[in-house]
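The structure under discussion appears below in the form of structure tokens.
There are 2 protein chains.
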Amino acid sequence: MRIDMPVAAQIRQRLARRIAGEISLSDQPGRVMRQWREMFHIPQIQLAESLGVSPSVISDYESGRRQSPGTKTIKRFVETIITLDEHNGGQVVNAFQRLMGVDIPTSIILDIREFNQGVSATALLESIRAQVVAGEEALDREVLGYVVVDTTKALDVLSSNGFLKLFESTGERALILVNASTGRSPLITIKDDFKPSLFVLHGVEKLDYLAIELANRERVPLAVSRMESIEGMLRKLQILGKYAPNEKT
Amino acid sequence: MRIDMPVAAQIRQRLARRIAGEISLSDQPGRVMRQWREMFHIPQIQLAESLGVSPSVISDYESGRRQSPGTKTIKRFVETIITLDEHNGGQVVNAFQRLMGVDIPTSIILDIREFNQGVSATALLESIRAQVVAGEEALDREVLGYVVVDTTKALDVLSSNGFLKLFESTGERALILVNASTGRSPLITIKDDFKPSLFVLHGVEKLDYLAIELANRERVPLAVSRMESIEGMLRKLQILGKYAPNEKT
DNA sequence: GCAAATTTACGCTAATTGACGAACTTTTTC
DNA sequence: GAAAAAGTTCGTCAATTAGCGTAAATTTGC
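Heads up: the protein sequence lines correspond to chains A and B, in order. Residues 1 to 249 (the numbering used here) are what the first sequence spells out, left to right. Residues 250 to 498 (the numbering used here) are what the second sequence spells out, left to right.
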């Protein structure tokens, strides 16, 4: 009987199939291609270079000038973005591994990444100007990665079970919830066993008292970021990922 | 919070993505298209009609004259075969549901189907001219579907864990193993909890004594089919599926 | 073993892709 | 606030797809 395929190769394959499937089934394949390219933080120029084509080609696809790219194109595209990520430590592919079983729609995830080495919770919070409001006693942790979720969209699209699964799959990582008006609805879903090791809210208008209580009870640090824009926060996280963990920004 | 998507729609979507992904990532997309069309038991002619194109078009794809079909083509193809199956009771889509979590390569599965209503174990065995050799006492069952696996390929491709998962996912169905030279290797993998409710071997040269012992111990009926060809057996099963369960063939 | 059903092979046409490159706009960065 | 980086738009062109239809080949059903 054959030996198991290396786990890494298996994940790679499954993710590749998923991306390829999404592109093929979409009415706007170019849009999906852009989503994934951005998820992988690859500029058009770099992608074009790796593919050996001119940057305008990428733009033409993404903008929809090509409405029905062929399998050859899709295949090259998918394999290239995954390979580029692997050369970079596999930060995105590895982060996706934990979401694979869950079947969470990509659209709610604004960013996701696995650090090459753990980052202290405080360093992460500092970099995105977040203030701790509960669960301080559990702050001496290292987080292994993060997921940024659009809370509004998530509430719209995810079933309560889906939410729970998202939490479970984020264990030992930071879960960053943007557009979290009160922070109540997501925090309510916390359950004993598996949960993120750090919650960050962004876009909070009026923090809910229950959210604070729940975080304290579950001993999860809860923080609120005061960054002006989501984009700014994503940029900070990206930088953190690049230089993790031995530099402070 | 939103209500869950109907389970059926979810499965449909996941299967669609999987098929689309496989096609897009293949070096011979046409070959994969054929595999799936055959898995769904849809003749080219019928598929062509549903797609509103001429049958030669399908053949051209499958034979590889079109080497890189576009997303539009793939999308239409996938959605059409799934819809056709649904109009037919969803026999294939439902059968695949149970394999979805497992990630078993399609190539080892020669046929798969969920009956619209249960079929008695004896009727199934009769239809493919199979003789019971062990576990007779558990023959008064209904089976809800079947999976036909190419044992040689499976041993080649599947890890032992994959084999176990295959068994688990076949619970209450018949597992039909073709190219099963002695029947030993697969039977060894049986574990207590979840297992097929009926084993059928085909292409046995010399049945292994251990296979019989294990089947008796685990109280699973084990039978050996005497059909000449695999194709013949698949045809019989197909007919059984069509007229299940109130007719004897 | 013949008729019917299914699949293949292929020439042909129109539409689209896949690609370039140059000029231009937008976004970052210092 | 200028320079650099990143992304867009679009005219152009060869190669390929997506499609039809017909004749030939193959498979299946009685």
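Think of the CB as a built atom: it goes at the ideal place given N, C-alpha and C, for glycine as much as any other residue.
So, is the C-beta of residue i closer than 8 Å to a C-beta in chain B?
| i | result |
| --- | --- |
| A:SER68 | yes |
| A:LEU210 | no |
| A:GLY21 | yes |
| A:PRO105 | no |
| A:ARG18 | yes |
| A:ARG14 | yes |
| A:THR83 | no |
| A:ASN246 | The predicted position of A:ASN246 is uncertain, since its pLDDT is 42 and thus under 50; a value taken from the coordinates is nonetheless stated next. Chain B contact via Cβ: absent. |
With distance defined between alpha-carbon atoms, name the residue in the options nearest to residue i.
| i | options | result |
| --- | --- | --- |
| B:LEU274 | A:LEU166, A:ALA9, A:GLY70 | A:GLY70 |
| B:VAL427 | B:THR401, B:GLU421, B:ASP334, B:ILE272 | B:THR401 |
| A:TYR33 | A:ARG141, A:ILE23, A:TYR209 | Correcting the residue identity first, residue 33 of chain A is Met in this sequence and not Tyr. The candidate whose alpha carbon is nearest that of A:MET33 is A:ILE23. |
| A:LEU158 | A:SER185, A:ALA174, A:ILE176, A:ASP140 | A:SER185 |
| B:MET482 | B:GLU421, B:ASN465, B:ALA379 | B:ALA379 |
| A:GLN117 | A:ALA180, A:ARG141, A:PRO55 | A:ARG141 |
| A:GLN97 | A:GLY52, A:TYR146, A:ILE230 | A:TYR146 |
| B:ILE268 | B:GLN284, B:VAL256, B:ARG466 | B:GLN284 |
| A:ARG259 | A:ILE190, A:VAL78, A:ILE212, A:LEU124 | Outside the shown range of chain A, which is 1 to 249, sits residue 259 of chain A, and nothing can be said about it. |
| A:THR106 | A:ALA180, A:ARG173, A:VAL7, A:PHE40 | A:PHE40 |
| B:LEU296 | B:ASP276, B:THR322, B:SER418 | B:THR322 |
| A:ARG226 | A:GLU172, A:LEU125, A:GLN44 | A:LEU125 |
| A:GLU86 | A:GLU62, A:GLU114, A:TYR61 | A:GLU114 |
| B:ASP276 | B:TYR310, B:LEU359, B:VAL302 | B:TYR310 |
| A:LEU139 | A:SER54, A:ARG235, A:GLU172, A:TYR209 | A:GLU172 |
| A:ALA95 | A:ALA211, A:VAL57, A:LEU15 | A:LEU15 |
Taking Cβ positions only, does residue i come closer than 8 Å to chain A?
| i | result |
| --- | --- |
| B:ALA370 | no |
| B:VAL327 | yes |
| B:ILE323 | yes |
| B:ARG314 | no |
| B:LYS491 | no |
Verify whether the separation of the beta carbon atoms of residue i and residue j is less than 8 Å.
| i | j | result |
| --- | --- | --- |
| A:GLY241 | A:GLN13 | no |
| B:VAL392 | B:ALA370 | yes |
| B:VAL381 | B:PRO470 | yes |
| B:ILE361 | B:ALA403 | no |
| B:GLU386 | B:ARG325 | no |
| A:ARG17 | B:GLY279 | no |
| A:ILE128 | A:LEU237 | yes |
| A:PHE167 | A:LYS195 | yes |
| A:THR182 | A:VAL204 | yes |
| A:LEU175 | A:LEU214 | no |
| B:SER308 | B:LEU333 | no |
| B:VAL473 | B:LEU456 | yes |
| A:ILE11 | A:VAL93 | yes |
| A:ILE239 | A:HIS202 | no |
| A:ALA123 | A:ASN216 | no |
| A:SER160 | A:THR189 | yes |
Subject >> Residues of the region 271-297 of chain B with Cβ closer than 9 Å to any Cβ of chain A, in chain order >> reply: GLU271, ILE272, SER273, LEU274, SER275, ASP276, PRO278
Original post:
For the region 144-155 of chain A, which residues have a beta carbon sitting closer than 8 Å to at least one beta carbon of chain B?
Top reply: LEU155
Original post:
Taking contact to mean at least 3 C-beta pairs separated by less than 8 Å, is the region 56-69 of chain A in contact with the region 96-103 of chain A?
Top reply: no
Original post:
the region 162-184 of chain A: which residues have C-beta closer than 9 Å to a C-beta of chain B, in chain order?
Top reply: GLY162, PHE163
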